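Accompanying notes for the structure given below.
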Amino acid sequence: MIVSPRYEDVKAIMESKKGNLPLYIAVHTVRRTTLHHHGFVELSYVIENRGTETINGVSHQLQPGTASFLLPHHIHEIKSEPDRPIVKYCCMFDINILLGSSYESELASLIFQVGSAIPSFVDFSPAMAQRMSSIFELLLEEYNRQDGIGRSSLIRAKLTEAMLMFIRASDASQPLALQEVEPDEKINFWKIVQYIHVHYAEKLTLDWLSRHFRASTPYISRSFKKHLGRSFLEYLHTLRVESVVSMLLSTNMPLIDIAAEAGFESYRSFSRVFREVHGQSPSDYRKAYKSVNEG
Numbered sequence: 001m002i003v004s005p006r007y008e009d010v011k012a013i014m015e016s017k018k019g020n021l022p023l024y025i026a027v028h029t030v031r032r033t034t035l036h037h038h039g040f041v042e043l044s045y046v047i048e049n050r051g052t053e054t055i056n057g058v059s060h061q062l063q064p065g066t067a068s069f070l071l072p073h074h075i076h077e078i079k080s081e082p083d084r085p086i087v088k089y090c091c092m093f094d095i096n097i098l099l100g101s102s103y104e105s106e107l108a109s110l111i112f113q114v115g116s117a118i119p120s121f122v123d124f125s126p127a128m129a130q131r132m133s134s135i136f137e138l139l140l141e142e143y144n145r146q147d148g149i150g151r152s153s154l155i156r157a158k159l160t161e162a163m164l165m166f167i168r169a170s171d172a173s174q175p176l177a178l179q180e181v182e183p184d185e186k187i188n189f190w191k192i193v194q195y196i197h198v199h200y201a202e203k204l205t206l207d208w209l210s211r212h213f214r215a216s217t218p219y220i221s222r223s224f225k226k227h228l229g230r231s232f233l234e235y236l237h238t239l240r241v242e243s244v245v246s247m248l249l250s251t252n253m254p255l256i257d258i259a260a261e262a263g264f265e266s267y268r269s270f271s272r273v274f275r276e277v278h279g280q281s282p283s284d285y286r287k288a289y290k291s292v293n294e295g
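In UniProt numbering, the protein residues as written are 1 to 295.
Below, the structure is given as structure tokens:
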């Protein structure tokens with residue numbers, strides 16, 4: 001039986017409170033979730049009990065004090081220990097509510113490295129865990145409030161604080177992650193990166209991005225090299241290959257379907273790019289993973 005990651009549409013939940021920020025927060029009790037992904041970012045924080053979370057094919061332990069952050073369309077699932085369901089805060093939101101200003105380009109540069117240069121989860125120390133719990137308590141209180149002066153501003157401020165705590169707690173938030181970014185006067189480059197993270201599986205070219213964002217192709221090309229250390233195409237391929245790896249390890253979908261799902265126009269280009277990144281074919285990569293985990 002072919003196991004495909006399920007797309008979870010949370011937009012309707014967010015829009016149920018009209019006039020509010022595109023955000024949802026609640027305390028969830030989780031025994032097990034199916035393999036899924038969604039178009040919003042997700043920040044979660046474990047309150048009680050233990051289990052395992054798998055993000056893009058990589059598993060880690062969940063325990064009280066563990067926080068996880070997922071970019072749009074990161075594939076994930078959770079399994080709790082038997083008869084001890086995990087209790088956690090779950091906060092899903094449109095990343096745009098944190099990145100509305102060019103002054104926030106440093107935060108953007110950090111956020112979009114989660115899952116690559118920065119791990120997708122952290123285990124907080126007891127003192128920092130208490131602080132994070134307080135932040136989520138306040139977020140939930142403000143979310144459930146019908147009105148209140150500065151409600152949206154307070155939610156944005158606390159979300160920013162939580163994200164910076166997450167990034168600072170990660171060992172990977174060193175030199176590349178903390179590099180200074182000088183925002184362009186007219187075009188916020190991180191808006192382009194943000195768009196690519198959501199639409200990487202679609203047909204994207206420098207020319208198309210140039211027209212869409214009204215930025216010159218040389219500017220976009222230079223910005224990728226300057227801020228991310230690679231070309232646009234290399235970065236796009238990285239996102240697509242990350243998606244491929246998660247589907248290879250988390251599903252038994254046929255390779256040709258995985259290639260199409262990740263945005264590759266042909267199986268030949270898919271196989272070539274994957275081999276360039278991982279040094280072996282997609283089928284060999286899947287076999288090697290299964291032999292290690294089943295043997």
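The C-beta atom is built at its ideal place from N, Cα and C for all residues, glycine as well.
All values derive from a computational prediction rather than experimental measurement.
If the five residues before and after Arg-32 are omitted, its C-beta is found closer than 8 Å to the C-beta atoms of Glu-77, Ile-78, Lys-79, Ser-80, all from its own chain and listed in chain order.
Assignment of alpha helix (DSSP H) within the segment 201-230, counting only whole runs of 4 or more residues, yields 206-213, 217-223 in chain order. In the three-state DSSP reduction, Phe-166 falls in the helix class (H, G or I). Where Val-114 is concerned, there is no enclosing beta strand (DSSP E), because DSSP gives it neither an H nor an E.
In the same chain as Ile-95, and ignoring 5 residues on each side of it, the C-beta atoms closer than 6 Å to its own belong to Val-41, in chain order. Per DSSP, Phe-121 is not a residue of any alpha helix (DSSP H); the beta strand (DSSP E) it occupies stretches across 121-123. Restricting attention to beta strand (DSSP E) runs no shorter than 3 residues, the segment 13-58 encloses them at 23-30, 41-48, 51-55, ordered along the chain.
Residue range 76-80 is occupied by the beta strand (DSSP E) that includes His-76. Sixteen is the threshold: when 16 or more other Cβ atoms of the shown chains lie within 10 Å of the Cβ of Ala-67, as they do, the residue is buried. In this structure, Ile-258 lies near Met-247, with their beta-carbon atoms less than 8 Å apart.
Taken in chain order, the complete alpha helix (DSSP H) segments of 4 or more residues contained in the segment 248-291 are 255-262, 267-278. Going by beta carbons, Val-30 and Ile-86 fall inside the 8 Å limit. Short of 6 Å from the beta carbon of His-278, and not among the five residues preceding or following it, lie these beta carbons of its own chain, in chain order: Tyr-285.
The beta carbon of Phe-232 sits closer than 7 Å to those of Leu-206, Ile-220, Ser-221, Phe-224, all from its chain and outside the five residues before and after it, given in chain order. A check of alpha carbon separations from Asn-20 across Val-122, Arg-145, Val-27 identifies Arg-145 as the nearest. Comparing alpha carbon positions, the residue from Leu-236, Gly-150, Arg-84 closest to Tyr-200 is Leu-236. Phe-264 has its alpha-carbon roughly 9 Å from the corresponding atom of Val-273. Going by beta carbons, Ile-155 and Tyr-89 fall outside the 8 Å limit. Per DSSP, the continuous alpha helix (DSSP H) segment holding Leu-139 begins and ends at 126-144.
The C-beta distance from Pro-22 to Ile-97 rounds to 7 Å, short enough to meet the 8 Å contact threshold. Using a Cβ distance threshold of 8 Å, Ser-105 and Trp-208 do not count as a contacting pair.
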